[in-house]
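Going by the numbering used here, the sequence shown opens with residue 3, and the numbers climb by one from there. Ideal Cβ positions, reconstructed from N, Cα and C, are used throughout, including at glycine. Written below as structure tokens is the structure these notes are about.
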Amino acid sequence: AGQFAVFGHPIAHSLSPQIHQVFGKQFGIALEYRTIDASPAEFEASVRRFFAEGGVGANVTLPHKTAAFALADQRSEAAMRAGSANVLTRLPDGRLAAHNTDGAGMVRDLTERHQVDLRGHDALLLGAGGAAHGVAWNLLDAGVNTLTIVNRSPEAADALADAIGEPARAHTRYWEDLANIDSYDLIVNATSAGVLGASLDLPFSLIGNRATCYDLSYGKAATGFLAWARAGNARYAFDGLGMLVETAADAFELWHGRRPDTDPVYLALRQQYG
Ligand code: ATR
């Protein structure tokens, strides 16, 4: 079935090997899937070695998603617009194709698993880095009414809004003004504050009546944002664990041509992550 891996730095605690093994079992595919820790300086050489030595597909996580996009020979539309890739696939001629399944995975988790209809929602996107780029277009495609992008450094928010290029729907506000702006139906935390152990100190006034709050991370990194959402009476507060499983399923389908059932894996991981 070939060799697979996830590249990251750090990567030891990645759930991807476990998820892909369970998916493989659903189809009786015995696959070899390992973690590869590569520093940014080693990343490209490490990827090229992996594929030269029989690698078929790789997942890519922090901090390598932009580098993965840059080294590929072919890029999916989702990867092009995000400017980053979370999946690399070896083409039959040995060249590498980059994909980005993050946004699709998040929207599928929200709309299918959690049954949230995003159409007509006014959405607030916190952050304008790699993770925010990975989901912004998918939120618009899913039918949100407006997308307001707020980032600590306003230049990055402006750059993302400019790249989207739909000023009537996607625009920016200043982080300093969060206390004075409207409430939202959907609030997506795409900052790395939680991962870095920092708190965001957001006003409850952002949380609209019946709002959904979603953190792209999970585990300890998501705790602060989700606690804020619950304290502010959000209707739903979700972490990104389901997104992780959905993005893994997209990678699995790219590599194996079959769509795994994500629910059993999600439920098993949920037991672990509370
Ligand atoms: P990722 O790939 O996780 O998105 P990134 O591209 O480095 O990582 O982006 C990190 C994002 O989190 C940025 O939007 C960053 O804001 P700045 O552009 O102002 O740096 C945001 N971020 C990180 N720590 C933050 C904090 N303590 N408060 C608010 N935003 C924070």
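The residue from L120, L93 and T37 with its alpha-carbon nearest to that of L64 is T37.
Boundaries of the beta strand (DSSP E) harbouring R92: V89 to R92, taken from the DSSP string. L64 has its CB nearer than 7 Å to a heavy atom of ligand 1. Per DSSP, the unbroken alpha helix (DSSP H) holding T68 starts and ends at K67 to L73.
In the structure shown, the three-state DSSP call for N235 is coil. Taking 7 Å as the cut-off, the C-beta of T264 does not count as close to any heavy atom of ligand 1. Out of A7, G85, Q28 and Q20, the CA that lies nearest to the CA of R260 is found in Q28. Of all residues, those with a beta-carbon under 5 Å from at least one heavy atom of ligand 1 are G129, A130, G131, G132, A133, N153, R154, S155, A158, T193, S194, A195 and A200, reported in chain order. Nearest to D95 by C-alpha distance, out of F227, G105 and Q76, is Q76. Of the residues assessed, F9 falls on the buried side of the cut-off, its CB having 16 or more other CB atoms within 10 angstroms.
If you ignore the 5 residues before and after D187, its C-beta comes within less than 6 Å of the C-beta of H123, D124, G210 and A213, all in its own chain and listed in chain order. Judged by beta-carbon spacing, G167 lies beyond the 8 Å limit of V137, meaning their Cβ atoms are not closer than that value. Per DSSP, A251 lies in no beta strand (DSSP E) segment; the continuous alpha helix (DSSP H) that holds it begins and ends at L243 to H258.
Note on geometry: alpha-carbon atoms of S201 and L228 lie some 11 Å from one another. Check the Cα spacing between L90 and each of E46, G226 and R175: the tightest is with E46.
Going by beta carbons, I151 and A133 fall outside the 8 Å limit.
The count of Cβ pairs closer than 8 Å, one atom from the segment 244–262 and one from the segment 58–73, reaches three, so the stretches are in contact. The beta-bridge partner set that DSSP reports for N182 is empty. In the three-state reduction of the DSSP assignment, T174 falls in the strand class, which pools E and B. When the Cα atoms are used, R175 and R51 turn out to be separated by approximately 44 Å. At the C-beta level, L128 and V190 come within 8 Å of one another. Under DSSP, A99 shares a beta bridge with Q76 and T91.
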